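Read left to right, the sequence shown gives residues 1 to 540 (UniProt numbering).
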Amino acid sequence: MAPFPEKDNDHESIILEPLGRYLFANRISNDFRDKIFLTEGSTGKQITYGQYEQQTHSLARSMLSLLGIEPDDICAIVGNSSIQYVIIIGACLLLNVTYTSIPTIYSHLYLGQQLNHTKSKYLFISRKHYQRLELLYKQDDYAHLKKQLKVIIFEDDPTKNPITDCSNIEKLINAFQDFEQNSIKTIPYFSKSIDSIVTIVFTSGTTGKAKGACHTHRTIVNNLYHLKRFEPLKLYNQLPTLLSYPVAHISGNSMIFFLMATKTPTVLLDYSQNDYLFETIEKYQIGQIFGATSVMNMLAKDHEGHDISSIRLVCTGGSKLSNSTANILYHQLGIKILDAYGSTECLFISSSDRLDRIPDNVGKVLGCYRMKLLDLVTKEVITLPGKSGEICITGSSMIKEYYKNPEETKRAIDEEGWFHTGDVGQLDDEGNLKIVDRIKEVIKCNGFSVFPADIECCLMNHSAVKQVVVVPVKHREYYQVPRAYVIIKDDQITIDELKAFANENLGFHEKLLGGIIQIDEKQLKSSTMGKVDRQYYKHL
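Here it is as structure tokens:
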């Protein structure tokens, strides 16, 4: 077992310590104790830094004394972004027990698969999603979970009858309210290696069976160290910040740690609650937003009639931000933009530090990483700027394994320790990274490689297009051709007019020979982080 604190081998100036100690060792000062830390945008519920500290310690104490949690137990969490969700995470960090966040967009069978795979002993599940567990118990393959799991309900609904065979998070929090007497004195409570697992984050599973990326104290604290020193993120971190990434997703999870560490007042509103977006921005005078490109598209194209002048900065990632959206945000609305790049396996990898924005530029990788590009055909390292290749990453914030899945680990991480991201990128003359697309998303049309993201950005340049996703469809002559599913703003353009616009602006091999199909906004399918779910549309 490694002693604490420990110096990182790659970066001698970084003193590593358990994440719980990094975030909670110092008591909340009187300057912050009564200030608002977390707000739920959809409900208006709020909690101060002092209340968060007290309730997190109280829950941790109850998990020890009333639930009997042990060092090797795993806690699963199912629910939308909420104050209580963040309290659960905090309690796990105080105790140093592993937790896994299970997204709510998937079925009860997906829930069962992850509970089985991790052998979770504790399940924190919101009342809204409890019915999924009841459905799961009725399946022969998952009936054993009723004996395996200790279930704790959070975000309960007082208008409904209590669930008698489960614990309730509010009762657990209220059981130990005397902070001085019941707080966790030694943080973390359980002593483990710096390389022990903090959280298991499952990939979306849209390209196959979901894999559990294991992040440790080492990977997360290293990433936080470099994020806190990234100058553009220091500019507005005392302004109310909207976190529209779901806390259950790696983007929301890792940003919560950052926002805790920087004492940034945070409003939670994940993509499933976007109906409240503009109301929340105006009510809480949001100064910066962390969110997917779909949120940025809404800001740019649906802001009429709303006052969003409080926004100073947006940080986005997950898919390409179209130049039309960026131009509206930056030039018309005066909002600075950070294009970021990250992954489930590597957390926050890079971001441009140019707030005047170079199109598609996600800057240079953080100091905890090294990067190379491999030719898609020869697999040789690319040294010339402007040539596309697969992005490969290695460093101290990268996972070392997928949970209990050595085959997938070996497939993703080569013998020299490089993680093959599956993303296509280019470098410019200054060494800045440009994200092109996912390797698996490339459309093979008549011998050409067509990148859906390029077509999507082209269509988004039309002011009437609110959202678009491009997928391949089979073609007798060309093998594959692109098809676009679009949401059009207030029927401002016909499909024929949009086809004409596309034909004027796309190359021959990018023509939408698979057609353009208009969909209603309510039909839009999203992934766990709020991106449009390309895999869903591939299989229509």
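Note that beta-carbon positions come from the ideal geometry of N, C-alpha and C, so glycine has one too.
Since the model is a prediction, treat every value here as computed from it, not as a measurement.
Checking 9 angstroms against the spacing of the C-beta atoms, do residue i and residue j come in under that value?
i, j, result
"LEU498", "LEU459", "yes"
"LYS440", "VAL362", "no"
"VAL450", "VAL532", "no"
"ARG370", "THR344", "no"
"ILE77", "THR48", "no"
"ILE153", "TYR122", "no"
"ILE311", "ILE335", "yes"
"TYR537", "VAL442", "no"
"CYS457", "HIS509", "no"
"HIS108", "GLN139", "yes"
"GLN467", "VAL473", "no"
"ILE493", "PHE501", "yes"
"GLU170", "ASN80", "no"
"LEU376", "GLY389", "yes"
"ASP339", "LEU313", "no"
"GLN113", "ALA213", "no"
"LEU66", "LEU172", "yes"
"GLY483", "GLY507", "Note on identity: in this sequence residue 483 is Arg, with Gly being the wrong assignment. Result no, Cβ atoms of ARG483 and GLY507 do not sit closer than 9 angstroms."
"ASP454", "ARG438", "no"
"ASN222", "CYS368", "yes"
"LYS400", "ILE391", "no"
"ALA248", "ARG61", "no"
"TYR52", "ILE87", "yes"
"GLY41", "GLN273", "yes"
"ALA261", "LEU23", "yes"
"residue 561", "THR293", "Only positions 1 to 540 of the chain appear in the structure, and residue 561 is not among them; the question remains open."
"ARG357", "TYR330", "yes"
Skipping 5 residues on each side, what residues in its chain have a beta carbon closer than 6 angstroms to that of residue i?
i, result
"GLY90", "THR56"
"VAL365", "ILE349, SER350 and MET371"
"GLN46", "ILE36 and THR39"
"ASP360", "LYS434"
"LEU149", "LEU123"
"PRO452", "GLU441 and VAL470"
Terminal residues of the continuous beta strand (DSSP E) containing residue i?
i, result
"LYS283", "Counting along the chain, LYS283 falls outside any beta strand (DSSP E), though it belongs to the alpha helix (DSSP H) covering 277-284."
"PRO482", "479-488"
"LYS474", "465-475"
"VAL377", "From DSSP, VAL377 is part of no beta strand (DSSP E); its letter is neither H nor E."
"LEU243", "241-243"
"PHE257", "First-last for PHE257: 250-261, but that is the alpha helix (DSSP H), not the beta strand (DSSP E)."
"residue 561", "Given that the chain is displayed from residue 1 to residue 540, the structure contains no residue 561 and the question cannot be resolved."
"LEU136", "Careful: LEU136 lies outside any beta strand (DSSP E), inside the alpha helix (DSSP H) at 130-137."
"GLN181", "No beta strand (DSSP E) contains GLN181, which is instead part of the alpha helix (DSSP H) from 179-182."
Could you pull out every residue in the same chain whose Cβ sits closer than 7 angstroms to the Cβ of residue i, ignoring the five residues on either side in sequence?
i, result
"GLY205", "Any reading at GLY205 must be qualified, since the residue scores a pLDDT of 46, below 50, and its modelled position is unreliable; the value itself is stated next. Counting only Cβ-Cβ distances below 7 angstroms, and skipping sequence neighbours, we find nothing."
"GLY20", "LEU93, LEU94, ASN96, ILE187 and PRO188"
"GLY50", "ILE28, ARG33 and ASP34"
"SER324", "MET460 and ASN461"
"GLN177", "SER58"
"CYS166", "VAL151, ILE152 and ILE153"
"LEU136", "HIS108, LEU111, GLY112, TYR142 and LEU145"
"ILE125", "VAL78, GLY79, LEU133, VAL151 and ILE153"
"GLU282", "HIS306 and ASP307"
"ILE495", "ILE516 and GLN518"
If I follow the unbroken alpha helix (DSSP H) through residue i, where does it start and stop?
i, result
"GLU170", "169-174"
"ALA500", "495-505"
"ALA340", "Note, ALA340: premise wrong, no alpha helix (DSSP H); beta strand (DSSP E) at 336-343."
"ILE220", "217-228"
"LEU269", "No alpha helix (DSSP H) contains LEU269, which DSSP labels as neither H nor E."
"MET398", "First-last for MET398: undefined, no H or E at that position."
"LEU459", "452-460"
"GLN238", "Note, GLN238: premise wrong, no alpha helix (DSSP H); not H, not E."
"ALA300", "293-301"
"THR316", "Unbroken run through THR316 is the beta strand (DSSP E), 313-317; no alpha helix (DSSP H)."
"GLY525", "First, the amino acid is wrong: residue 525 is Lys here, not Gly. Taken as a continuous stretch (DSSP letters only), LYS525 belongs to no alpha helix (DSSP H), as it is neither H nor E."
"GLN535", "534-538"
"THR199", "Premise fails: THR199 lies in the beta strand (DSSP E), 197-202, not in any alpha helix (DSSP H)."
"LEU149", "Segment: none, LEU149 is in no alpha helix (DSSP H) and carries neither H nor E."
Among the residues of its own chain, which have a CB less than 8 angstroms from the CB of residue i, if the five just before and after it don't count?
i, result
"GLU12", "Confidence at GLU12 is low in this model, with a pLDDT of 43, below 50, so its placement is unreliable and no value can be given for it."
"residue 585", "Residue 585 cannot be examined here, being either before or after the span of the chain that is shown, 1 to 540."
Under 8 angstroms from any heavy atom of the ligand SAH, does the C-beta of residue i make it?
i, result
"SER183", "With respect to the ligand SAH, the structure shown offers nothing to examine, as it has no ligands at all."
Quiz item: Any contact of the stretch 191-198 with the stretch 213-222, i.e. 3+ C-beta pairs under 8 angstroms?
Solution: yes
Quiz item: Are there three or more Cβ pairs, one per stretch, closer than 8 angstroms when the stretch 284-301 is compared with the stretch 232-249?
Solution: yes
Self-check item: Given 8 angstroms, three or more beta-carbon pairs between the stretch 402-416 and the stretch 378-387
Solution: no
Self-check item: Three-pair Cβ contact test at 8 angstroms for the stretch 290-304 versus the stretch 269-278
Solution: yes
Self-check item: alpha helix (DSSP H) runs wholly inside the stretch 4-73, at least 4 long, in chain order
Solution: 19-24, 30-33 and 49-65
Exercise. Give, in chain order, every unbroken run of the alpha helix (DSSP H) that is at least 4 residues long and sits entirely within the stretch 69-123.
Key: 83-95 and 108-118
Quiz prompt | At least three beta-carbon pairs within less than 8 angstroms, the stretch 221-232 to the stretch 247-262 | solution = yes
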